[in-house]
Amino acid sequence: MTERKQDMAEPSPIQGAPKASPENVVTLKGKLERIDSNGEFHYSELVLPRFDEYDTQSRNVVVKARRRLGNVGDVITVACSIGGWTRRFQKRDGTTGYDNHVVLTVLD
0 MTERKQDMAE PSPIQGAPKA SPENVVTLKG KLERIDSNGE FHYSELVLPR
50 FDEYDTQSRN VVVKARRRLG NVGDVITVAC SIGGWTRRFQ KRDGTTGYDN
100 HVVLTVLD
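If you're matching positions, the sequence shown starts at 0 in numbering that gives the first Met the number 0 and goes up one per residue.
Laid out in C-alpha cells, this is it:
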C-alpha cells in the first residue's frame with residue numbers, strides 16, 4: 000500500500016497562537032515513524048538520532064501540529080514549544096502519585 004504524496008505548502012500562521020519565549024523552545028530533528036490525526040491536530044512520532052554508535056536505546060517523542068509535517072520515513076526538523084501538565088492520582092497503598100505529561104507543540 001503506497002501513501003499519497005500530499006501538498007507540503009506552508010500554511011498561514013495560526014491566528015491567536017501564543018508565541019513562545021526563546022527559552023521555552025526546542026528544535027528537534029528526527030525521522031517520522033507514525034502519524035495520527037484527530038481532525039484538528041496531527042500527532043507525529045519522531046525517532047531521534049542516537050547519541051553515539053554504541054547507543055542502543057531509541058528516543059521517540061510525539062509532537063503536536065495543526066498541519067501534517069510530512070510522510071512516514073521523512074526526516075524533518077521542527078521548532079516546538081514545551082508545555083504539559085501534571086496529574087495527581089491515588090496509589091493502591093494510599094499515597095499520592097504524580098504523572099507528568101510533556102507536550103511538544105510545533106511552532107508555526
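Backbone N, C-alpha and C fix where the C-beta goes; we use that ideal spot for every residue, glycine too.
Keep in mind that this is a model prediction, so the values were computed, not measured.
Going by C-alpha distance, which of the options is nearest residue i?
| i | options | result |
| --- | --- | --- |
| residue 60 | 96, 97, 34, 95 | 34 |
| residue 73 | 25, 22, 31 | 31 |
| residue 83 | 102, 90, 68 | 102 |
| residue 47 | 66, 62, 40, 57 | 57 |
| residue 120 | 100, 90, 49 | One cannot answer for residue 120 here, as it falls past the ends of the chain, which runs 0 to 107. |
| residue 41 | 54, 67, 23, 55 | 67 |
Taking the alpha-carbon positions, what's the residue i to residue j distance?
| i | j | result |
| --- | --- | --- |
| residue 107 | residue 38 | 18 angstroms |
| residue 11 | residue 80 | Model confidence at residue 11 stands at a pLDDT of 41, short of 50, so the residue's coordinates are unreliable and nothing is read from them. |
| residue 71 | residue 88 | 36 angstroms |
| residue 75 | residue 63 | 14 angstroms |
| residue 23 | residue 85 | 18 angstroms |
| residue 55 | residue 45 | 16 angstroms |
| residue 98 | residue 91 | 15 angstroms |
| residue 69 | residue 93 | 45 angstroms |
Got a sec, what are the start and stop residues for the beta strand (DSSP E) residue i sits in?
| i | result |
| --- | --- |
| residue 97 | 95–105 |
| residue 29 | 24–36 |
| residue 89 | 74–89 |
Quick check on residue i: does DSSP put it in helix, strand or coil?
| i | result |
| --- | --- |
| residue 63 | strand |
| residue 130 | With the chain running from 0 to 107 in the structure shown, residue 130 is simply not present. |
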